[in-house]
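**Student:** Taken in order, the sequence shown gives residues 525 to 717; the numbers are from our numbering.
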Amino acid sequence: MAQSTGSKKIKTAVFISGTGSNLQSLIKFSKLKKSPISIEMIVSNNAKSKGLAFCKIYKIKKEIFNFKNQSTTEKELLLKLNKNKIDLICLAGFMKILSKNFIKKFKGQILNIHPSLLPKYKGLNTHEKAIRNEDEYSGCTVHFVNSKLDSGKIIIQKKVKIKKNDTAKSLAKKILVQEHKLYPRAILKIFTL
Ligand code: GRF
């Protein structure tokens with residue numbers, strides 16, 4: 525894993541598919557002096573991702589890959605990442621599952637944020653599952669990405685209380701607020717000695 529030394533920040537690409545609220549919180553964080561990362565590229569598999577608007581607002585390079593042919597796409601993507609000297613990938617609401625081969629090439633350098641207290645509720649519909657099971661808490665997790673879905677080493681987690689009247693929607697909203705704080709904290713935890 526790259527280290528942030530002196531004024532040299534770790535060149536980071538953020539991968540998104542949708543709204544990009546986690547992306548925005550990462551961009552804001554990256555502008556702080558204490559941030560070890562600089563965001564050099566935003567990658568989306570979806571040209572209609574709302575979050576792509578942040579490319580223009582913050583003048584960050586935009587890359588759209590449709591992933592129809594995953595292996596060709598990933599080859600092109602790897603070339604782009606290498607050309608731009610990207611050392612860290614932050615998945616933030618990215619809805620494609622990267623191949624084992626791709627993950628191997630960026631071993632230990634891909635992070636993901638997941639809206640549950642992993643190892644509970646890997647995959648989709650985490651809030652529905654937590655409510656259906658009448659859990660007392662849910663939350664969010666930032667973890668390293670390995671070849672098994674939502675199973676890499678956990679970096680940091682935040683618990684969120686589930687209230688009796690919570691719906692999947694209200695819970696998602698509460699957890700998202702915590703996600704925005706947790707992702708920067710995870711990055712600081714990894715890179716600050
Ligand atoms: C977040 O809840 C994230 O944990 C999940 O997808 C959502 C993305 O939201 N994987 P946003 O695009 O960052 O607003």
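Built from N, CA and C at the ideal position, the CB exists for glycine as well.
From a predicted model like this one, the values you see are computed outputs, not experimental measurements.
(1) Would you check whether the ligand HEM has a heavy atom nearer than 7 angstroms to the C-beta of proline 639?
(2) Quick one: grab the DSSP three-state call for serine 559.
(3) Hey, how far is the Cα of asparagine 657 from the Cα of isoleucine 678?
(4) Rounded to the nearest angstrom, what separates leucine 642 and glutamine 702 at their Cα positions?
(5) Say the cut is 7 angstroms; is the CB of serine 545 nearer than that to a heavy atom of the ligand GRF?
(6) Comparing the CB of glutamate 793 with every heavy atom of the ligand GRF, is any distance shorter than 7 angstroms?
(7) Which full runs of the beta strand (DSSP E) of 3+ residues lie inside the stretch 646 to 675, going along the chain?
(8) From this set, Phe618, Phe578, Lys580, which residue's C-alpha is nearest valine 669's C-alpha?
(9) Quick one, which of Asp611, Lys580, Leu601 has its alpha-carbon nearest isoleucine 588's?
(10) Given 7 angstroms as the limit, tell me if isoleucine 540 has its C-beta closer than that to any heavy atom belonging to the ligand GRF.
(11) Under 7 angstroms: does the beta carbon of glutamate 598 sit that close to some heavy atom of the ligand GRF?
(12) Can you give the Cα-Cα distance for lysine 671 and alanine 577, rounded to whole angstroms?
(13) Quick one: residues in its chain with C-beta nearer than 8 angstroms to the C-beta of threonine 597, no 5 flanking neighbours on either side, listed in chain order?
(14) My guess is that isoleucine 566 and isoleucine 584 are in contact by the Cβ rule of under 8 angstroms, so how many angstroms apart are they, rounded?
(15) Three-state secondary structure (DSSP) at asparagine 636?
(16) Since serine 568 contacts serine 595 with CB under 8 angstroms, what's their CB separation in whole angstroms?
(17) Any beta carbon from chain B within less than 8 angstroms of alanine 571's own beta carbon?
(18) Check whether the Cβ atoms of alanine 501 and isoleucine 686 lie closer than 8 angstroms to each other.
(19) Among Val684, Gly647, Ala692, which residue has its Cα nearest to the Cα of serine 662?
**Tutor:** For this structure:
(1) This structure simply doesn't include the ligand HEM; it includes the ligand GRF instead.
(2) Start at 1 with the first residue of the sequence shown, and residue 559 comes out as number 35. Coil at serine 559, not helix or strand.
(3) Indexing the sequence shown from 1 puts residue 657 at position 133. Indexing the sequence shown from 1 puts residue 678 at position 154. C-alpha of asparagine 657 to C-alpha of isoleucine 678: approximately 23 angstroms in a straight line.
(4) The residue you call residue 642 lines up with position 118 of the sequence shown. The residue you call residue 702 lines up with position 178 of the sequence shown. Approximately 15 angstroms, taken between the alpha carbons.
(5) If you number the sequence shown from 1, residue 545 lands on position 21. Answer for serine 545: yes, Cβ within range of the ligand GRF.
(6) A question about residue 793 goes unanswered here, because the residues of the chain that appear run from 525 up to 717.
(7) Entirely contained in the stretch 646 to 675, the beta strand (DSSP E) runs reaching 3 residues are, in chain order, 661 to 668.
(8) Position 145 of the sequence shown, counted from the start, is the residue given in the question as residue 669. Closest in alpha carbon position to valine 669, among Phe618, Phe578, Lys580, is Phe618.
(9) On the sequence shown, position 64 is the one that residue 588 refers to. Checked all of Asp611, Lys580, Leu601; the closest Cα to isoleucine 588 is Leu601.
(10) Working through the sequence shown from its first residue, we reach residue 540 at position 16. Within the cutoff, so yes.
(11) Sequence index remark: in the sequence shown, residue 598 carries index 74 (1-based). False, no ligand heavy atom lies under 7 angstroms from that Cβ.
(12) What you label residue 671 is simply residue 147 of the sequence shown in a count that begins at 1. What you label residue 577 is simply residue 53 of the sequence shown in a count that begins at 1. In the sequence as displayed, the identity of residue 671 is serine instead of lysine. C-alpha separation (whole angstroms): 30 angstroms.
(13) On the sequence shown, position 73 is the one that residue 597 refers to. The beta carbon of threonine 597 is closer than 8 angstroms to those of Phe589, Asn590, Phe591 in its chain, skipping five residues each way along the sequence.
(14) Locating residue 566 in the sequence shown gives position 42, counting from the first residue. Locating residue 584 in the sequence shown gives position 60, counting from the first residue. Going by Cβ atoms, the distance from isoleucine 566 to isoleucine 584 rounds to 5 angstroms, so yes, they are a contact pair.
(15) Within the sequence shown, residue 636 is the residue found at index 112, counting from 1. Residue state, collapsed to three classes: strand.
(16) Locating residue 568 in the sequence shown gives position 44, counting from the first residue. Locating residue 595 in the sequence shown gives position 71, counting from the first residue. About 19 angstroms separates the two Cβ atoms, so there is no contact after all.
(17) Looking at the structure shown, chain B is missing, and only one protein chain is on hand.
(18) Nothing can be reported for residue 501, as the shown portion of the chain is limited to 525 through 717.
(19) Against the sequence shown, residue 662 aligns to sequence position 138. Closest by alpha carbon: Val684.
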